[in-house]
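Asker: Handing you a structure now.
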């Protein structure tokens, strides 16, 4: 199979057995790989009632046809699992180098099932699979364990995906960490590996990926690489990384401040922004495999209480642990980011829960007795860092906050739910739906909860003919709800394709569906078109939603947190709130969903999902 290694590796941790299974060509064509493939496997093998932290739960690691090739950003992998944080199907993405070496080791996907009785790690290399004892690694942080495994196996080029102490303790906002701080951050996937006593997955591969039309494929990749390195529209991203959002979008009100209460904080945003980072602590470092954009940051703080060297914070982290907590100390946020990498916790969820706790402390819902004597005040970096430690160690107030903001609010009571900002239990990402109305709908109907990476629809607001290949023509103005349902639907379909290839999301800034179709056709020999990719995206989104429906999700769950519908009094979005009903109703109609939030039988059958239609409408 061109573009694929043609094999899925299934590992049973209970029995410490593994077997290779062929990748079905039809499955590859219908779902491409990555998220699509992983979602289908979870749908088929993990009943919706499964406890995500039980041995019956499974987690899938999946690459795509462009992974480990000359495609720019051909480094990525996706993981798919039923989330212990939200109780629904979740996928998460990571870059770096791990995905490249895993695929070159001979596999397109890895299915983990069962649970080991004792800590182990997997060593996968060029078709060989070994179970290795990991009791001596249990307790090590997620960065240290990578070094330990490389030293133990005698190869510094080995790539490692691992959990830290938070995953071991099954903290619900914990995550896997690979390659110096890259992370498939969301949904509590670290807790799943912790429940399975799997400390890490080490990979090394040297096998080539077969390409159908290598000459055409390389020509396409060279053009994309050049455009990615030179396109004016993403120049700020190249120079300042994702932190440039703080410099460039604060005036619009896109930056969440003080747990979404304030619409403008110019000084704080600039103190945390990409320009300040470049001027002060940024140092050169390698980008993800084959990437010519190089948005990831690496920082060095040479002295003081926040002395560290390692991966720097991305925009989402700077927002969640910085502006959300009213902290503008770049060194402190960078240090907190490093702690999250080491404990293995999702920086978005960590920051959002800490900001929530600061507000609860201000209102007297949380006291010094709860915090272990810490004054949990706005703007205090030491208090924020203390909470990072407590969450990572699952102790004191951190044991509650590590369960996520939804559960924390439920247990604290006293109307704290009103300022617990999440959708379906997933802490909200750092773009404001009062600035970009479409992101409000994207959060509300997002397949894994409040997520900016399942259709970053703000890119399509306020521009002429944003996506003509999929008939998204005209202009969709800022601060207008009408039309945004269609914007969100198509942006989610597009992202489903991108996450299944598996491509970096940032390449969507410069590529159209027809570009992706050309790349996939040259790689696989399958005849993809812009329109056939739309159908693939629709299929993946419908499948994901149907699983979530079977988990109990309905229209009542497609809502924003109350705080995000309270207008701010200052900044570019002052007084503005989206009309969620208009956008959700339009999204349902465009997607072919019923008024209760289910893909209709007709929609499912038209997408080749007749089995899913039977599960949803004719349950046994």
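Numbering (this note's numbering), first residue to last: 1196 to 1815.
All residues carry an ideal CB built from backbone N, CA and C; glycine is no exception.
Keep in mind that this is a model prediction, so the values were computed, not measured.
Looking at residue 1357 and residue 1337, is the spacing between their C-beta atoms short of 8 Å?
Answerer: Contact: yes.
Asker: Any idea what DSSP makes of residue 1506, helix, strand or coil?
Answerer: Strand at residue 1506.
Asker: Is it true that the segment 1731–1749 meets the segment 1639–1659, where meeting means three or more beta-carbon pairs spaced less than 8 Å apart?
Answerer: Enough Cβ pairs lie closer than 8 Å, so yes.
Asker: Jot down the residue ranges of each uninterrupted alpha helix (DSSP H) in the segment 1283–1323, minimum 4 residues, whole runs only, in chain order.
Answerer: Segments of the alpha helix (DSSP H) lying fully in the segment 1283–1323: 1293–1299.
Asker: What is the DSSP secondary structure of residue 1659, counted as helix, strand or coil?
Answerer: Reduced to three states, the DSSP call for residue 1659 is strand.
Asker: Does residue 1649 pass the burial test, meaning 16 or more other C-beta atoms within 10 Å, or should it be called exposed?
Answerer: Under this definition residue 1649 is a buried residue.
Asker: With a Cβ-Cβ cutoff of 8 Å, do residue 1304 and residue 1391 count as a contact?
Answerer: Contact: no.
Asker: Out of 1594, 1488, 1263, 1269, which has the shortest C-alpha to C-alpha gap to residue 1437?
Answerer: The candidate whose alpha carbon is nearest that of residue 1437 is 1488.
Asker: Under 6 Å Cβ to Cβ from residue 1363, same chain only, skipping five residues before and after it: list those, please.
Answerer: Taken in chain order, the residues that qualify are 1389.
Asker: Can at least three beta-carbon pairs, one atom from the segment 1549–1568 and one from the segment 1601–1615, be found at a separation below 8 Å?
Answerer: Flag = yes, the segment 1549–1568 and the segment 1601–1615 touch.
Asker: Which whole-angstrom value describes the C-beta separation of residue 1235 and residue 1222, a residue pair presumed to lie in contact below a C-beta threshold of 8 Å?
Answerer: Confirmed, about 7 Å.
Asker: Rounded C-beta distance between residue 1316 and residue 1344? I'm assuming under 8 Å.
Answerer: Right, their Cβ atoms sit about 7 Å apart.
Asker: Taking residue 1535 as part of the alpha helix (DSSP H), name the residues at either end of that continuous run.
Answerer: Segment 1525–1538, the alpha helix (DSSP H) holding residue 1535.
Asker: Count the CB pairs spanning the segment 1407–1420 and the segment 1252–1260 that are closer than 8 Å, and state whether there are at least three.
Answerer: No: the two stretches stay apart, fewer than three of their Cβ pairs being nearer than 8 Å.
Asker: State the DSSP-derived secondary structure class of residue 1454, mapped to helix, strand or coil.
Answerer: Coil, per DSSP.
Asker: From 1264, 1285, 1284, 1333, pick the residue whose C-alpha is nearest to that of residue 1299; which is it?
Answerer: The candidate whose alpha carbon is nearest that of residue 1299 is 1264.
Asker: Please identify the residue among 1450, 1496, 1456 whose C-alpha is closest to the C-alpha of residue 1761.
Answerer: Of the listed residues, the one whose Cα sits closest to residue 1761 is 1456.
Asker: Which two residues bound the contiguous alpha helix (DSSP H) that contains residue 1708?
Answerer: Taken as a continuous stretch (DSSP letters only), the alpha helix (DSSP H) holding residue 1708 covers 1708–1719.
Asker: How long is the line joining the alpha carbons of residue 1759 and residue 1501, rounded to whole angstroms?
Answerer: Cα to Cα, the separation comes out at about 33 Å.
Asker: As a quick exercise: from 1320, 1274, 1365, pick the residue whose alpha carbon is nearest that of residue 1280.
Answerer: When each option's Cα is compared against that of residue 1280, the closest is 1365.
Asker: Where residue 1749 and residue 1324 are concerned, what is the direct C-alpha to C-alpha distance, given to the nearest angstrom?
Answerer: Going by the C-alpha atoms only, they are around 42 Å apart.
Asker: Do three or more CB pairs link the segment 1714–1723 to the segment 1430–1444 at distances below 8 Å?
Answerer: Judged by Cβ distances under 8 Å, the segment 1714–1723 makes no contact with the segment 1430–1444, as fewer than three pairs qualify.
Asker: Whole angstroms is fine: what's the gap from residue 1424's alpha carbon to residue 1708's?
Answerer: Going from the Cα of residue 1424 to the Cα of residue 1708 covers about 20 Å.
Asker: List the DSSP bridge partners of residue 1818.
Answerer: This structure cannot speak to residue 1818, because the chain is shown only from 1196 to 1815.
Asker: What does DSSP give as the partner residue(s) for residue 1151 in the beta ladder?
Answerer: The shown model of the chain, from 1196 to 1815, leaves out residue 1151, and the question about it has no answer.
Asker: Using only the alpha-carbon positions, how far apart do residue 1375 and residue 1429 sit?
Answerer: C-alpha separation (whole angstroms): 24 Å.
Asker: How would you call residue 1791, buried or exposed, if buried means at least 16 neighbouring beta carbons within 10 angstroms?
Answerer: Exposed is the call here.
Asker: Whole angstroms is fine: what's the gap from residue 1580's alpha carbon to residue 1545's?
Answerer: The straight-line gap from Cα to Cα measures roughly 10 Å.
Asker: Assuming residue 1632 contacts residue 1676 (C-beta within less than 8 Å), just tell me the rounded distance between them.
Answerer: Their Cβ separation, rounded to whole angstroms, is 5 Å, which keeps residue 1632 and residue 1676 in contact under 8 Å.
Asker: Are residue 1202 and residue 1212 touching if we call contact CB-CB under 8 Å?
Answerer: No.
Asker: Do you know offhand how far residue 1765's Cα is from residue 1512's?
Answerer: Roughly 23 Å separates the two Cα atoms.
Asker: Using only alpha-carbon positions, find the residue among 1746, 1585, 1770, 1774 that is nearest to residue 1754.
Answerer: Looking at the Cα atoms, 1774 is the closest of the given residues.
Asker: Would you tell me roughly how many angstroms separate the C-alpha atoms of residue 1347 and residue 1360, rounded to the nearest one?
Answerer: Answer to the nearest angstrom: the Cα atoms are 20 Å apart.
Asker: With DSSP collapsed to three states, give me the class of residue 1355.
Answerer: Three-state result, residue 1355: strand.
Asker: For residue 1205, report the span of its beta strand (DSSP E) as first-last.
Answerer: Residue 1205 -> beta strand (DSSP E) spans 1202–1207.
Asker: By the three-class DSSP mapping on this structure, what secondary structure does residue 1218 have?
Answerer: It is coil, neither helix nor strand.
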